[in-house]
Amino acid sequence: MLDVTRLLRRAGRVWTGVDRVELAYLEALVAEPEPVWGLVRTPLGYVLLDRAGLIGFHRRLIGADQPSSPDILSRLQRGMDDTARRMLTDVRKLAVARCIPRGLAAMLRRHLPAGVAYLNTGHSNLSQRVLEAVQSVPQARIAVLVHDVIPLEYPHFQRTGTVAVFEQKLRRVRRYADLIIYNSADTQARSERAMAPWGPVPCGIVAHLGTIVDTPKPDEVPAGIAPQPPYFITVGTIEPRKNHALLLDIWERMGADAPPLLICGGRGWNNEAVFARLDALPPDGPVREISNLSDGALAALVEGAQGLLFPSHAEGFGLPAIEALQLGTPVMCSNMATFREILAKNAVYIDETNDKLWETMIVDWSKRPRDTLRVRDFVAPSWADHFKIVLGYT
């Protein structure tokens, strides 16, 4: 039973890396011969999907089928856009069972076989109610994918109030999970170090995340967005830990003759100083902020870049760097254990505080022929290898 609550909540938005992981699990599990279910937390309770329901849900997520018009219950929900309301309507239609919150345990015992494995990959719906309801099914097992513990390590980068919420989730994972799946050995070490003071830590396995690179679609790049080469690109939510300030400082020093820099991503939180600098950028200057690109358009811009710049203070995995290397685009990134574990010798590593060295390398790359920088032998982790590890344990 896969928890797909996050995918429902994110319907209609630009997918994040965590969203893509949950989607990959959905696609993999419905392709397996074993019986499969999906659990969804809705504003009014819980919904259980079977294989057919999950397939229908997936087809609507990827646009293969159009969702229904919102029903009355969905239209009454606040804070949801039209796409999410439509998906919520169809999730109820596709359900094999539904219940109010206090009926969850009984619903699961009624419909699930003994020994069911509950998988949660999105850090959503990890409530005591859900975990205890799953445990009420005979011989049930709980497996949770932990992407990172950045909120505990870098609380000053987080939204107000989110650190305590994350800590409580991780405490419940430590208490209830039979297995924790980690996206890297570095994440495992950091997570187990965080949980150790709370008691015994569950069994853990490392399975690097797979990546499926989107096909570059230059025709989807909005007119006037793609600059003349050489240009650089950075991809990710504009939040403090992504360290956009370092790049803005460098481009400010380089002046009007600097190569173009594309900052691609939506605005996040706790970053007012950076937002103010972005708002003050001259429209004809070398730095451009771009958001809401299609996956194909973003892939086209990454593929055409002189290099992807990734000066983050902290990362759980770093999917944009992996995707860039798969497209042949060289990567300049922070010197951190996670990147070295996944990217190995295929990236240039610089301490995220050494802005002078970053500037020197950026200037050097901007003057070199693009073909001399291209990456040609990078082999990315695959989803097939990931699921060979995970499904062997769960």
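Okay, so the sequence shown: first residue is 1057 according to our numbering, each after it adds one. Glycine included, every Cβ here is placed at the ideal spot set by N, Cα and C.
Host beta strand (DSSP E) of residue 1366 (start-end): 1363-1366
Own chain residues within Cβ distance below 6 angstroms of residue 1216, not counting five before or after: none
Option nearest residue 1106 by Cα separation, candidates 1245, 1124, 1429, 1057: 1057
Beta-carbon spacing of residue 1290, residue 1319 below 8 angstroms: yes
Selection from 1181, 1371, 1143 that minimises the alpha carbon distance to residue 1298: 1371
Three-state secondary structure assigned by DSSP to residue 1392: coil
Distance, residue 1334 Cα to residue 1274 Cα: 25 angstroms
Residue environment, residue 1212, which counts as buried when at least 16 other CB atoms sit within 10 Å: exposed
Proximity to residue 1389 [Cα-Cα], best of 1447, 1068, 1373, 1364: 1364
Residue nearest to residue 1147 in terms of C-alpha spacing, selected from 1157, 1130, 1163: 1130
Assumed close pair residue 1095, residue 1137 - CB separation to whole angstroms, cut-off 8 angstroms: Contact check for residue 1095 and residue 1137: beta-carbon distance about 23 angstroms, past the 8 angstroms limit, so the pair fails to qualify.
Host alpha helix (DSSP H) of residue 1419 (start-end): 1411-1423
CB of residue 1207 within 8 angstroms of CB of residue 1170, strictly: no
Same chain only: Cβ atoms within 8 angstroms of residue 1415, ignoring 5 sequence neighbours per side: 1306, 1309, 1310
Any chain B beta carbon closer than 8 angstroms to residue 1333: Considering every chain present, this structure includes no chain B. It has just one protein chain.
Segments assigned alpha helix (DSSP H), at least 4 residues, entirely inside the segment 1325-1379: You should have 1328-1335, 1351-1360.
Inter-residue spacing [alpha-carbon to alpha-carbon] between residue 1279 and residue 1154: In a straight line, the C-alpha of residue 1279 is about 47 angstroms away from that of residue 1154.
Close-in-space but distant-in-sequence residues of the same chain around residue 1140 (CB under 6 angstroms, 5 per side omitted): 1067, 1068
Simplified DSSP state of residue 1074, which is helix, strand or coil: helix
Reduced DSSP secondary structure (H/G/I, E/B, other) of residue 1102: DSSP places residue 1102 in strand when its eight states are reduced to three.
Enclosing alpha helix (DSSP H) for residue 1303 [first to last residue]: For residue 1303, the enclosing alpha helix (DSSP H) has its first and last residue at 1300-1310.
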